[in-house]
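*Asks:* If you want this note's numbering, it's the 1-based position in the sequence shown plus 39.
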Amino acid sequence: MTKESTLAQIQEISTMVSEHTNDGKLRLKSSIPKPLEASEVEYIAKKASWDRKMGKLEYIFYKSLLVILFTIYGVFRFFQYRYNRLRLSILTIVNNPANTPQLIKQDVKGLKKLPKQLGAILEDKPSYTVGGGLKGLLEEGSEIVCWSVCADIKHVSLYDYNGLLATNVDEFRKAVHHKLAKYYGPQNIPSFTVKVPHLHKVYEDISKVGDEEKKSVIEISLLSAFDGRKTIVELLKTVSDLKDKKEIQSSDLTMELLNTQLIELVGQEPDLILCFGPRLDLTGYPPWHIRLAEMHWEMDNNEVLYAVFIRGLRNYSSAKMNVGK
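1) Name the DSSP beta bridge partners of Val195, please?
2) Taking the alpha carbon of Ser196 as the reference point, which residue from Ser181, Cys189, Glu210, Asp209 has its own alpha carbon closest?
3) So which of Gly175, Tyr242, Lys269, Glu337 has the shortest CA-CA distance to Leu125?
4) To the nearest angstrom, report how far apart Thr206 and Asp199 are at their CA atoms.
5) I believe Ser166 touches Ile257 by the beta-carbon criterion, under 8 angstroms. Please report the beta-carbon distance rounded to the nearest angstrom.
6) Does Leu67 come out as helix, strand or coil in the three-state DSSP assignment?
7) From Leu96, Trp327, Leu319, Thr270, pick the residue whose C-alpha is nearest to that of Asn298; which is it?
8) Once the 5 residues before and after Leu409 are set aside, which same chain residues still bring their CB inside 6 angstroms of it?
9) I'd like the list of long-range same chain contacts for Leu301, defined as Cβ closer than 6 angstroms, with 5 residues on each side in sequence excluded.
10) Cα separation between Leu313 and Ile99?
11) How is Lys240 classed by DSSP in three states: helix, strand or coil?
12) Are Ala346 and Leu157 close, meaning C-beta to C-beta below 8 angstroms?
13) Would you decide whether Ser357 is buried or exposed? Buried here means 16 or more other CB atoms lie within 10 Å of its CB.
14) Excluding sequence positions up to five away, which residues of its chain have a Cβ less than 8 angstroms from the Cβ of Lys254?
15) Can you tell me where the alpha helix (DSSP H) with His216 in it begins and where it stops?
16) Quick one: using the 10 Å Cβ neighbour count with 16 as the cut-off for buried, is Leu344 buried or exposed?
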């Protein structure tokens, strides 16, 4: 290789390196953003300031709107509550049985129909409140039983979530007996029967002991949360075990069978359920037994009142039963 050819190659390589370097510089130069002009910088600063101000204004606007809405709702609920309480007070004065069976019979005399099975949901109030604890439940439950006896209702289901009535049956029987004595007098106390379904126990009226000929005029079932979903779960477990042991066939597992078993375990489905609370809260009431039941409650009420009882019977009397049609 001659000296001239070597110099030519070196010069060619130098030219290529120079061109590549120039291309890199051009690309780097094109990728560097141009400096903003003063007017553009001022515009961006003003826009950022405006966005901050608008953000604060939006926050103030929506917060003020929320406060206004809550205030309006609070004022509305206050007057609604006062109205409902006043209405209940008036209804209590107008519908006052005064421990007199004749007045209750007169109230239900004009009704087209009465529920054969009545359910009542009682609130478990704290013991430190007025009408709370076990004493309050005994008073409320026995009052409902007396109204039902006077209205000629044969079956009543009393439900309290924790089952205080079911675990204090003796106290409940005494409370009902004492309350019926106020209505009918000590010599004419109607006889009654108390059932605790999940314990499979039946208790007679304390005045009926030794008197087999005295017929019960009302049957009282004491229910709790155990008689709800837990009973259904236990029943399904039992049915599953029987099927695994091949004591029953799959064809025998029908809705009629389950319905029959649940009726034996819990009792008949009520025609009417009265909720003596400020809202319709079933609190775990047996779900199988509310399929076709009418329900009645009075808004903002937290007491067991005769006005709620009789209004529930009147609404049931005028209700149309389509039974799924």
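Backbone N, C-alpha and C define an ideal beta-carbon position, used for all residues, glycine too.
*Replies:* If we stick to the structure as given:
1) Looking up residue 195 in the sequence shown gives position 156. DSSP output for Val195 lists Leu157, Ile259 as bridge partner(s).
2) Here residue 196 is taken as the residue at index 157 of the sequence shown, counted from 1. Ranking Ser181, Cys189, Glu210, Asp209 by Cα distance to Ser196 puts Ser181 first.
3) Counting from 1 along the sequence shown, the entry for residue 125 is found at position 86. With distances taken between Cα atoms, Leu125 lies closest to Glu337.
4) Taking the sequence shown and counting its residues from 1, the one referred to as residue 206 is at position 167. Taking the sequence shown and counting its residues from 1, the one referred to as residue 199 is at position 160. Near 11 angstroms, if we compare the C-alpha coordinates of Asp199 and Thr206.
5) Stepping through the sequence shown from its first residue, residue 166 is reached at position 127. Stepping through the sequence shown from its first residue, residue 257 is reached at position 218. 28 angstroms between Cβ atoms; not a contact.
6) Numbered from its first residue, the sequence shown carries residue 67 at position 28. For Leu67, the predicted structure reports a pLDDT of 48, less than 50, and the residue's modelled location is therefore unreliable. A value from the coordinates is still provided. Residue state, collapsed to three classes: helix.
7) Looking up residue 298 in the sequence shown gives position 259. Measuring from the Cα of Asn298, the nearest candidate turns out to be Trp327.
8) The structure shown does not extend to residue 409, since the chain spans only 40 to 364, so no value can be given for it.
9) Counting from 1 along the sequence shown, the entry for residue 301 is found at position 262. Correct list, in chain order: Trp327.
10) Position 274 of the sequence shown, counted from the start, is the residue given in the question as residue 313. Position 60 of the sequence shown, counted from the start, is the residue given in the question as residue 99. About 46 angstroms.
11) Taking the first residue of the sequence shown as position 1, residue 240 is located at position 201. Three-state result, Lys240: strand.
12) Position 307 of the sequence shown, counted from the start, is the residue given in the question as residue 346. Position 118 of the sequence shown, counted from the start, is the residue given in the question as residue 157. For Ala346 and Leu157, no; Cβs fall outside 8 angstroms.
13) Reading the sequence shown from its first residue, position 318 is the one you call residue 357. That one is exposed.
14) Here residue 254 refers to the residue found at position 215 when the sequence shown is read from its first residue. Here the set comprises Ser230.
15) Here residue 216 is taken as the residue at index 177 of the sequence shown, counted from 1. 208–223 is the extent of the alpha helix (DSSP H) around His216.
16) Locating residue 344 in the sequence shown gives position 305, where the first residue counts as 1. The residue in question, Leu344, is buried, as its Cβ has 16 or more Cβ neighbours within 10 Å.
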